[in-house]
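Engineer:
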Amino acid sequence: MTAEVLCDLLTPLIGKSGSISMVVARIGQIGLMTAENKGLTGAEVRPDGLVRLEREGGWVVLDPAQVVAVAWNGDTEKSVGQFL
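With the first letter of the sequence shown counted as 1, position 66 gets the number 61 in this note's numbering; the numbers rise by one all the way through.
#1: Quick one: what's got a C-beta closer than 7 Å to R47's C-beta in the same chain, skipping five residues either side?
#2: Output the distance between the C-alpha atoms of M28 and G37, rounded to the nearest integer angstrom.
#3: If you draw a straight line from the C-alpha of S14 to the C-alpha of D43, how long is it?
#4: In terms of residues, what are the limits of the alpha helix (DSSP H) holding E49?
#5: Alpha carbon to alpha carbon, how far is N32 from A64? Give it in angstroms, no decimals.
#6: Counting C-beta neighbours from all protein chains within 10 Å, is the total for A(-2) 16 or more, i.e. buried, or is it exposed?
#7: Starting from L35, follow the beta strand (DSSP E) in both directions and report where the run begins and ends.
#8: Reducing DSSP to helix, strand and coil, say where A64 ends up.
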């Protein structure tokens, strides 16, 4: 996946509650829970081509070339989430 595609998928989720799941090559599934007080606050492409995701409580840097799939579930109370 390209950095631009990953940011395009995640940017509309800024400020929304739910769960974001990603399948990362050689690692497996990773997930981020987002809520009103711990939401995604930013998704940007760094100069080195990696993607930085920011949350109110921290940040993560991902290699977009290793991301195979992205899923978002906004209904955290009635669903157990996506299984990738």
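By construction, the Cβ of each residue, glycine as well, lies at the ideal position given by its N, Cα and C atoms. From a predicted model like this one, the values you see are computed outputs, not experimental measurements.
Structural biologist: Quick look at the numbers:
#1: E39, R41, W54 and V56
#2: 14 Å
#3: One C-alpha to the other measures close to 27 Å.
#4: Run containing E49: none in the alpha helix (DSSP H); it sits in the beta strand (DSSP E), V46 to R50.
#5: 26 Å
#6: With 16 or more neighbouring CB atoms inside 10 Å of its own CB, A(-2) falls in the buried class.
#7: L35 to V40
#8: strand
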